[in-house]
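To start, the structure under review is shown below, and the notes come after it.
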Amino acid sequence: MCQSECCMAFAEKAERRYPDLFKDPEDEAAGGDNIEAEIAKEAAAAAEDAALFQCVTTNIKGLVFIEFKAEMDPLLVCKDLIQEVQKLGRTKTKYATRATPVLGTSYARLADIVAATKPIVDKFLGAGVPATKYSVLFKRRSNNEVDRMEVIKAVADLADKKHTVDLTTPDVCILIDILTNICLIGVAEDYFALKKYNIQELAGFTAKTSTTMLAGGRVKPAGEEAAEKGEKGEKE
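Using the working numbering, read the sequence shown as starting at 82 and increasing by one per residue.
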């Protein structure tokens with residue numbers, strides 16, 4: 082139930098930002114008086130939506146991961162969703178409480194986390210980016226092996242020195258989320274101002290359930306793609 086409403090919520094925002102991905106090339110050719118054609122068209126649209134978004138099993142209670150098609154930016158789509166809830170003061174989702182954009186993944190080992198995080202930090206906190214206030218937020222579930230402060234320091238060291246750490250009102254937050262042996266790396270803008278992307282709080286009421294939507298690329302550890310490269314029939 083929650084997976085369906087998450088996909089619907091993201092699809093609505095993604096269609097506004099990426100209309101070409103949702104465009105039906107047969108729209109103009111199809112006739113409005115042909116019922117069978119209309120039914121077929123709706124079925125095709127549903128299949129297309131399924132191709133744009135895919136639910137990935139996390140085996141963690143209260144956590145849903147929605148894989149986006151490569152052309153879509155999870156950060157932009159998530160922020161569109163969150164800002165709409167803030168503006169309207171209501172949400173169209175019943176079960177989802179938080180939407181977190183994920184831009185990268187790796188194994189839950191310090192060296193792998195740093196390697197996967199570096200290009201993301203370079204994009205948002207690199208030398209070519211105007212001075213920015215930032216923070217690194219760390220969360221882990223079902224994992225006691227990764228040291229919190231060691232990871233935070235290593236990630237912060239990747240940022241250009243002109244950027245400053247601000248734990249109260251950062252412009253950008255680098256989100257490190259450890260799930261068993263996998264690390265999800267996210268970025269969130271105006272994270273605290275937008276109540277840590279908590280949909281229920283922005284809508285003005287206390288959630289009865291607690292389900293987090295993770296939106297991003299495929300949950301695939303860094304290095305796995307290279308190991309599989311060249312194999313035929315690789316499962317996407």
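Ideal placement from N, C-alpha and C gives every residue a C-beta, glycine not left out. Computed from a predicted model, the values in this text were never measured in an experiment.
As the crow flies, the alpha-carbon of Leu-191 is around 6 angstroms from that of Val-232. Lys-94 places its beta carbon less than 8 angstroms from that of Asp-161. Taking C-beta atoms as the reference points, Ala-197 and Ser-187 count as a pair closer than 8 angstroms. When the Cα atoms are used, Ala-189 and Ala-235 turn out to be separated by approximately 14 angstroms. According to the DSSP secondary-structure assignment, Ser-216 is paired through a beta bridge with Cys-254. A distance below 8 angstroms separates the beta carbons of Ser-223 and Leu-260. Taking all protein chains in view, the Cβ of Ala-240 is crowded by 16 or more other Cβ atoms within 10 Å, so the residue is classified as buried. With respect to the 8 angstroms criterion, Ile-201 and Ile-257 are not classified as neighbours on the basis of their beta carbons.
Looking at the DSSP output, Pro-211 sits in no beta bridge, so it has no partner there.
For Leu-144, no alpha helix (DSSP H) run applies; the uninterrupted beta strand (DSSP E) run containing it begins and ends at 144 to 149, by DSSP. Secondary structure at Ile-141: coil, using DSSP grouped into helix, strand and coil. Of all C-beta pairs linking the region 157 to 175 to the region 242 to 251, fewer than three are shorter than 8 angstroms, placing the two stretches out of contact. In this structure, the alpha-carbon of Thr-139 lies about 26 angstroms from that of Leu-283.
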